[in-house]
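Step one of this worksheet: look at the structure below.
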Amino acid sequence: METIIKQKIRQVKQGDQSAFEDIVNFYQKKVFQVCYRMLGNIHEAEDMAQEAFVRAYTNIHSFDEKRKFSTWLYRIATNLSIDRIRKKKPDYFLDAEVKGTEGLTMYSQLSDQNPLPDEEMESLELQSYIQKKILSLPEKYRSIITLRYVDDLSLQEISEVLDIPMGTVKTRIHRGREALRKKLRDL
Amino acid sequence: MSCPKRYIEMMHKYLDHEITKEEETELKDHLMKCEVCQLHFHELKRTETLLESPPHVQVSPNFTEQVMNKLPKEKKSISYKKWLKGHPIFTAAAIFFILMLTSAFSLWSQDGQLTVSKQQGIVIEDDTVIIPEGKVVTGDLVVKNGDVIVEGKIEGDLVLINGNLISSNGLLASAGEVTGQIEQVNQIFEWVWYHTKETFRSIFSF
Ligand SMILES: [Zn+2]
Chain A
1 METIIKQKIR QVKQGDQSAF EDIVNFYQKK VFQVCYRMLG NIHEAEDMAQ
51 EAFVRAYTNI HSFDEKRKFS TWLYRIATNL SIDRIRKKKP DYFLDAEVKG
101 TEGLTMYSQL SDQNPLPDEE MESLELQSYI QKKILSLPEK YRSIITLRYV
151 DDLSLQEISE VLDIPMGTVK TRIHRGREAL RKKLRDL
Chain B
1 MSCPKRYIEM MHKYLDHEIT KEEETELKDH LMKCEVCQLH FHELKRTETL
51 LESPPHVQVS PNFTEQVMNK LPKEKKSISY KKWLKGHPIF TAAAIFFILM
101 LTSAFSLWSQ DGQLTVSKQQ GIVIEDDTVI IPEGKVVTGD LVVKNGDVIV
151 EGKIEGDLVL INGNLISSNG LLASAGEVTG QIEQVNQIFE WVWYHTKETF
201 RSIFSF
C-alpha cells in the first residue's frame, strides 16, 4: 500500500489533483478517528479532518517522501485539533498542575464522578464511555494516547508527530495510561 | 506492599514494545510472586484492549467529495489544456495569432530577393529601386530587400523592408518627394509587427 500511496503523492506533486482522492479515501478513517479522539464531537472532528487533508494538499511539496505519509498527516491533524481545543477551552483547570508534582494531579481527583455503567452496557455505550474518559485527560496526554492507540504508532513516531522529545513521550504515555487504568478499571 | 517503581515502568515498556529480554524475564519472575503487581498489570492490559478498540463513530459517506471540493484549483501550468477547453474564444484567438506569426516569419525567411509592390514608373538596377526624375508613382510603394532612390515622386507611402532610402551618390538620404509616410522595416520583429498590422488592417477594412 505504501508504494501505491507514494506513487499517488508523486502524481499530486506533479499537479494531478484527482490522485489526491485516493489518498483521502485511504486515510480518512484514521485521520477522522484521531480528530474524534481529540475533540469528542463528530461534526468538529469531521471539520478538522477535512481541514487536515486540505492542508496536506496545499503543503504537499513540503512532504519528504522518505518519511511516512501517515505520520505527516497525523501531525497536521493533531496540531489542528490541539489548536481547536485551545481556542474553545474554558476547562483549563483540568490541566492545572501543582508546582513540583507535574502530571496527574487535579483531574485524577475528578476522575470517578460519573456513576459506573451497567455490566451489560452495550458496546456503543462502552465506546462513548471510553471516549469520555479520554476526553477528560489534559490535551497533552490525550494527543499521545490518541496516536498510540488509533494507529498503533511507536513512541518514536509519536515523538516525531508531536515534535516532543522521546523522554517526554514516555513519561506522558505512562501517566496517561495510569490515569485511564484508574478510570476504566471498574468496567 | 509497595514494590519498586521499576516494575510498573517495565509494564509500560512492555506495552510500548520497548522492553528488553532481560527486563521481560525479570518482570515475569516478579509477577509470578507478586499479586499486587499482577493486578496492576492485568488492569493495564485491559485498559490497553479498551483503548485499542476504535471509536464507534463513522465518517460521513461524502467525506472525500467534500475534501475534494475544498481543494484550491489546480495550478495553471498543469491545467492549461483544461483551461483552454473552457475558453474557446481565447483559444481561437491564440491559434489565429500563432498561425499569423508563423506565416509572417515564413514570409520573412522565404524571400531574400527583391520585390516591389508595383512595377509602373520605376527602374530596377541590381538591388536598387529607382524612381527616376520626372516619374510619378501613384499609390503606396512597398520595396522588400532593396534600397530605394527617389528622384521622382511617390504619391503615397513608401515602405522599405530590409532596405534603405538612399540618394543617387550612394549616401543615405532622400532626394525626391514622397507625399505620404516613409516607413522603414529592418528588424525581424518590426517586420512581424508590420505584417501583423497589415493583416489586421486588411481584415478590418472590409
Ligand atoms: Zn510487586
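Those sequence lines, one after another, are chains A and B.
Following UniProt numbering, the numbering of the first sequence begins with 1 at its first residue and continues without gaps.
Following UniProt numbering, the numbering of the second sequence begins with 1 at its first residue and continues without gaps.
Think of the CB as a built atom: it goes at the ideal place given N, C-alpha and C, for glycine as much as any other residue.
query                                                                                                                                                              : result
Cβ-heavy atom distance between V57(B) and ligand 1 below 6 Å?                                                                                                      : no
So, for C37(B): in the same chain, excluding its five sequence neighbours on each side, which residues have a beta-carbon less than 7 Å away from its beta-carbon? : C3, Y7, H30 and L31
Which of the three DSSP states, helix, strand or coil, is assigned to S2(B)?                                                                                       : coil
Quick one: is L101(B) buried, meaning 16 or more other Cβ sit within 10 Å of its Cβ, or exposed?                                                                   : exposed
Taking 7 Å as the CB-CB cut-off, is K70(B) touching chain A?                                                                                                       : yes
If you run the structure through DSSP and keep just helix, strand and coil, what is L39(A)?                                                                        : helix
Closest to T3(A) by C-alpha separation, out of L80(A), R86(A), D16(A) and I23(A), would be which residue?                                                          : I23(A)
When you measure from the CB of C35(A) to every non-hydrogen atom of ligand 1, does any distance come out below 6 Å?                                               : no
Which one or two residues does DSSP pair with E177(B) in a beta bridge?                                                                                            : K153(B)
Would you call the stretch 74-82 of chain A and the stretch 34-49 of chain A touching, i.e. three or more CB-CB distances under 8 Å?                               : yes
Is the Cβ of F63(B) closer than 7 Å to any Cβ of chain A?                                                                                                          : yes
Would you please verify whether the beta carbon of Q156(A) is less than 7 Å from any beta carbon of chain C?                                                       : Protein chains in the displayed structure are A and B, and chain C is not among them.
Please report the straight-line C-alpha distance between K68(A) and G15(A), rounded to a whole angstrom.                                                           : 21 Å
For K76(B) and chain A, any beta-carbon pair shorter than 7 Å?                                                                                                     : Residue confidence for K76(B) is low, a pLDDT of 49 falling below 50, so the modelled location carries little weight and cannot support an answer.
For a test of the three-state rule: what should DSSP assign to I19(B), helix, strand or coil?                                                                      : coil
Compare the beta carbon distance of G180(B) and G163(B) with 7 Å and say whether it is the shorter of the two.                                                     : no
Taking V144(B) as part of the beta strand (DSSP E), name the residues at either end of that continuous run.                                                        : What sits at residue 144(B) in the sequence shown is Lys, not Val. First-last of the beta strand (DSSP E) with K144(B): L141 to K144.
Exposed or buried, which one is A27(B) when buried takes at least 16 other CB atoms within 10 Å?                                                                   : The amino acid occupying residue 27(B) in the given sequence is Leu; Ala does not appear at that position. L27(B) comes out buried.
Determine the contact status of G156(B) and G139(B), defining contact as a CB-CB distance below 7 Å.                                                               : yes
Go ahead and pull the three-state DSSP assignment for D29(B).                                                                                                      : helix
Are the stretch 122-141 of chain A and the stretch 47-59 of chain A touching by the rule of at least three beta carbon pairs closer than 8 Å?                      : no
Any heavy atom of ligand 1 closer than 6 Å to the beta-carbon of V36(B)?                                                                                           : yes
Report all residues from its chain with a CB closer than 6 Å to the CB of K13(B); omit the five preceding and five following residues, and keep chain order.       : I19
Can you give me the Cβ contacts of R172(A) inside the same chain, cut-off strictly under 7 Å, excluding the 5 residues immediately before and after it?            : K140, Y141 and I144
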